[in-house]
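Undergrad:
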Amino acid sequence: MNAPDNTVSGLYDHGPVRTIRDVEDMERLPLEARIPWWNVNDWIKYGCELAPEKPALHYVQDGDPEGKCITTSYRDLQRRAYQAANLFHSLGAEANDVVFFLLPTVPQLFVVTLGALEVGIACGANWLLKSDHVLELIQSSRAKIVIALGPTPGYEIWENIEAVKDRLEGVRIFSVQGPGGTKLPDYDFDDALERQPGERLTFQRTVQPDELAAYVHSGGTTGSPKLVKLTHRGMAYKCWANAWVMAHTPDDVIFADYPMFHIAGIFGRGILALANGMTIVIPSPLGARDKKFIANYWKFVEKFRISLLSGVPTTLSVLAKHPPTTEDISSMRKYMCTGSTAMPAEVAREIEHSTGVRVLATYGATEFTQNVTQGPRDGDPKYGSGGLRLPYTEVKVVQLNDKGEIERGCAVDEIGAVLIRGPSISPGYVDPKYDEGVFVKGGWINNGDLGRIDADGYLWITGRAKDLIIRGGHNIDPTMIEETLRRHKSVLLAAAVSKPDAYAGELPVAYVQLVKGAKSTGEEIAAFAREHTPERAAAPKEVYVLEEMPLTDIGKPSKVQLRHDAAERAFTAALAPVLGSGAGIQVKVGADATHGTLATLRVSAAGRDRDVLEKAIHEVMKAYTMRYAVKWE
Numbered sequence: 002m003n004a005p006d007n008t009v010s011g012l013y014d015h016g017p018v019r020t021i022r023d024v025e026d027m028e029r030l031p032l033e034a035r036i037p038w039w040n041v042n043d044w045i046k047y048g049c050e051l052a053p054e055k056p057a058l059h060y061v062q063d064g065d066p067e068g069k070c071i072t073t074s075y076r077d078l079q080r081r082a083y084q085a086a087n088l089f090h091s092l093g094a095e096a097n098d099v100v101f102f103l104l105p106t107v108p109q110l111f112v113v114t115l116g117a118l119e120v121g122i123a124c125g126a127n128w129l130l131k132s133d134h135v136l137e138l139i140q141s142s143r144a145k146i147v148i149a150l151g152p153t154p155g156y157e158i159w160e161n162i163e164a165v166k167d168r169l170e171g172v173r174i175f176s177v178q179g180p181g182g183t184k185l186p187d188y189d190f191d192d193a194l195e196r197q198p199g200e201r202l203t204f205q206r207t208v209q210p211d212e213l214a215a216y217v218h219s220g221g222t223t224g225s226p227k228l229v230k231l232t233h234r235g236m237a238y239k240c241w242a243n244a245w246v247m248a249h250t251p252d253d254v255i256f257a258d259y260p261m262f263h264i265a266g267i268f269g270r271g272i273l274a275l276a277n278g279m280t281i282v283i284p285s286p287l288g289a290r291d292k293k294f295i296a297n298y299w300k301f302v303e304k305f306r307i308s309l310l311s312g313v314p315t316t317l318s319v320l321a322k323h324p325p326t327t328e329d330i331s332s333m334r335k336y337m338c339t340g341s342t343a344m345p346a347e348v349a350r351e352i353e354h355s356t357g358v359r360v361l362a363t364y365g366a367t368e369f370t371q372n373v374t375q376g377p378r379d380g381d382p383k384y385g386s387g388g389l390r391l392p393y394t395e396v397k398v399v400q401l402n403d404k405g406e407i408e409r410g411c412a413v414d415e416i417g418a419v420l421i422r423g424p425s426i427s428p429g430y431v432d433p434k435y436d437e438g439v440f441v442k443g444g445w446i447n448n449g450d451l452g453r454i455d456a457d458g459y460l461w462i463t464g465r466a467k468d469l470i471i472r473g474g475h476n477i478d479p480t481m482i483e484e485t486l487r488r489h490k491s492v493l494l495a496a497a498v499s500k501p502d503a504y505a506g507e508l509p510v511a512y513v514q515l516v517k518g519a520k521s522t523g524e525e526i527a528a529f530a531r532e533h534t535p536e537r538a539a540a541p542k543e544v545y546v547l548e549e550m551p552l553t554d555i556g557k558p559s560k561v562q563l564r565h566d567a568a569e570r571a572f573t574a575a576l577a578p579v580l581g582s583g584a585g586i587q588v589k590v591g592a593d594a595t596h597g598t599l600a601t602l603r604v605s606a607a608g609r610d611r612d613v614l615e616k617a618i619h620e621v622m623k624a625y626t627m628r629y630a631v632k633w634e
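Here this note's numbering runs 1 ahead of the position in the sequence shown, where the first position is 1.
(1) Since A568 and P501 should fall inside the 8 Å C-beta cutoff, what is the C-beta to C-beta distance between them, to a whole number of angstroms?
(2) Does the stretch 202-217 come within contact of the stretch 389-396, defined as at least 3 CB pairs closer than 8 Å?
(3) Count the C-beta pairs between the stretch 11-18 and the stretch 193-207 that are closer than 8 Å, then say yes if the count reaches three, no if not.
(4) Which class does G312 belong to by DSSP, given the choice of helix, strand or coil?
(5) Within the same chain, show all residues whose beta-carbon is closer than 6 Å to that of E157, passing over the 5 residues directly before and after it, in chain order.
(6) What does the Cβ neighbour count give for T326, buried or exposed, with the cut at 16 atoms within 10 Å?
(7) For H619, is the classification buried or exposed, using 16 other Cβ atoms within 10 angstroms of its Cβ as the cut-off for buried?
(8) Please determine if the stretch 145-161 and the stretch 185-198 are in contact, where contact requires at least 3 C-beta pairs separated by less than 8 Å.
(9) Is I471 helix, strand or coil by DSSP?
(10) In chain order, what residues of the same chain lie with their CB nearer than 6 Å to the CB of Q84, ignoring the 5 residues before and after it?
(11) Excluding five sequence neighbours on each side, which residues of the same chain lie with their C-beta closer than 7 Å to the C-beta of S142?
(12) Can you grab the Cα-Cα spacing for the pair T573 / P56, in whole Å?
(13) DSSP three-state label for R173, please.
(14) What is the rounded straight-line gap between the Cα of A126 and the Cα of D379?
(15) If you reduce the DSSP assignment to three classes, tell me which class H90 lands in.
(16) May I have the straight-line CA-CA distance separating W38 from W44, to the nearest angstrom?
(17) Return the residue from the list G410, T363 and E543 that minimises the CA-CA distance to L563.
(18) Less than 8 Å between the C-beta atoms of I36 and A274, yes or no?
(19) Kindly indicate the opening and closing residues of the beta strand (DSSP E) around C124.
(20) Among F529, W299, L508 and A503, which one has its Cα closest to the Cα of V621?
(21) Consult DSSP for M2 and reduce its assignment to one of helix, strand or coil.
(22) Taking contact to mean 3 or more Cβ pairs, one atom from each stretch, closer than 8 Å, check whether the stretch 100-115 and the stretch 162-178 are in contact.
(23) Out of curiosity, what's the CA-to-CA distance linking I122 and A530?
(24) Helix, strand or coil for G449 per DSSP?
(25) At which residues does the beta strand (DSSP E) containing W633 begin and terminate?
(26) Going by CA-CA distance only, name the one from E615, A519, G64 and Y545 that's closest to A528.
(27) Does the stretch 327-334 come close enough to the stretch 361-374 to have 3 or more Cβ pairs within less than 8 Å?
(28) Please go through the same chain and pick out, in chain order, the residues whose beta-carbon is closer than 7 Å to the beta-carbon of P377, but skip the five residues on each side of it.
(29) Do you know whose CA, among P479, G405 and V120, lies nearest A94's CA?
(30) CA-CA distance, R22 and M550?
(31) In this structure, does DSSP put G635 in helix, strand or coil?
(32) Specify, as a first and last residue, the run of the alpha helix (DSSP H) that I526 falls within.
(33) Based on Cα-Cα distance, which residue from S425, E484 and L614 lies nearest to L213?
(34) Which residues bound the alpha helix (DSSP H) around L275?
(35) Note down the Cα distance separating E303 from K239, rounded to an integer number of angstroms.
(36) Quick one: Cα of Y629 to Cα of D192, how far?
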């Protein structure tokens, strides 16, 4: 590492960010003059050596701010990271080798990440995945080393590793003892660390900016995980750019409440924070998934003097309904960020009203190394927008032709495909078959989002191409429906998706989770939506009340799952009349390797003529575009 020991002059002299003019002013200097290091390891060394005795991590195991807290100083974190790097190197890991980990948010996760970055490529995966998906990711990453949570109540991580380890030939496996879990002496990671020196690295490595630093998996809207390549250049740029846009300083204290296999977790709540010498509070290994932590959220803010908040819209929606009461939140900055443009404007206003903190939305993706836009911290957040582009990053909206090629740029406020180009963009996926249609000629990336840029340079995401509801050829943005539903006093979470329709092709339907104690029915909320949805055709045909909204790994409504459910309901209703009495049907819609999505119709019809029934089923199903298969029982 070549990072200097002392603070870089001017690194934290953040000017104001009010309008796009402030972004453009930053670009008067070439980017190379702004970035002190193009190697993320040098950034982390800098962060560790700013104040070695300062807390790097506060770790609380159970979501209780008054519970046991384990603190790790920057000196200890750096020592353990060096031990990890030396361990990995002693096992034969080199620059292009992958260290794969399946860990909830525990201190060892940060040690593994920093050690892996030193020696090769870090790859954290979703520990909620089942064993077959875990095996697929380990094999596709070509991991040399795997580190997983050992047997721990409430987790099935080690059980999934046990199920596949015989198929991981040549892979070295380590375990991390979890909270209340069992230590496995033959696999224990911490024991292995203590056999390695921690005062320095035992090997030399010169890292080039375009070398790979990490693989991070991204499901996108398809729900199919893909490993995204991220470079030292991209991460080094974002260590500077995100610090500038948020005015980060080493005095900041933040939560590690995102899943750490997600880019907003591993980078935003990990690498970025450590590179800038901030203190990270782990409120629970489950992060924001821990309901006890959410119930104690403002108590955590008070006790640990949290300065910068963030969260996905679902988390912030809950917090908006449960603002601080007697807690001292004076440590907080007057702004915070959310990792999504899907942040409901009403929720942002509620949080600002109850806390005095403005919510700055962002637009980002794993393929961008987190966000590429953000609301200005000193300007108008324009609730509902994704804010302004980061310096040295290009954002444009274009019309594409049928081949996915750029046809023309869009006018101000004209909706089109959102394209991004800049130093943080991924060079591609580990499996190049996913690159087609995403990485566009000229170095641009098309992540499948639709949006517009207004006269002030703010980006507004209007939907995803795959999320659009196309009713009789008319495009309906689900955001319009969701914003309306969230204004209902009983609605906590809302998601709008399409259901198949024989006449219109698709019709809008919605799913809601109610505020605790609310008794509103789906019919009542649907009536509210019909009255208040700005566009008549967008009013949902049905509103389904769920006890709990299905969420993705990062806390967003799982629209893949909801679309499948809507299709199952639609096909069941359409087929019931033609089957008549004496026949039963069960419809299951799911992902299919050949057709993308397949409806499986399980029909029980004892004593009925199958040929007649099959023709009747075909007459109904031929009106839909989704493929189907009949299974007789």
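Cβ coordinates follow ideal geometry from the N, Cα and C atoms, glycine included.
TA: Result, derived from the coordinates:
(1) 5 Å
(2) no
(3) no
(4) strand
(5) none
(6) exposed
(7) exposed
(8) yes
(9) Reduced to three states, the DSSP call for I471 is strand.
(10) L194, Q197 and G199
(11) V99, F101, C124, Y216, L228 and V431
(12) Spanning the alpha carbons of T573 and P56 requires a straight line of approximately 57 Å.
(13) strand
(14) 36 Å
(15) H90 falls in the helix class under three-state DSSP.
(16) 7 Å
(17) E543
(18) If you check the CB distance, I36 and A274 do not come in under 8 Å.
(19) Following the DSSP letters along the chain, one finds C124 inside the beta strand (DSSP E) bounded by residues I122 to G125.
(20) A503
(21) Residue placement at M2 is poorly supported in this model, since its pLDDT is 42, which falls under 50; the coordinates still yield a value, given next. Three-state DSSP puts M2 in coil, outside helix and strand.
(22) yes
(23) 48 Å
(24) strand
(25) R628 to W633
(26) Y545
(27) no
(28) V18, R19, T20, G388 and L389
(29) V120
(30) 41 Å
(31) Residue 635 lies beyond the range of the chain shown here (2 to 634); nothing can be said about it.
(32) G523 to H533
(33) S425
(34) L273 to A276
(35) So the alpha carbons of these two residues sit roughly 29 Å apart.
(36) Their Cα atoms are separated by approximately 53 Å.
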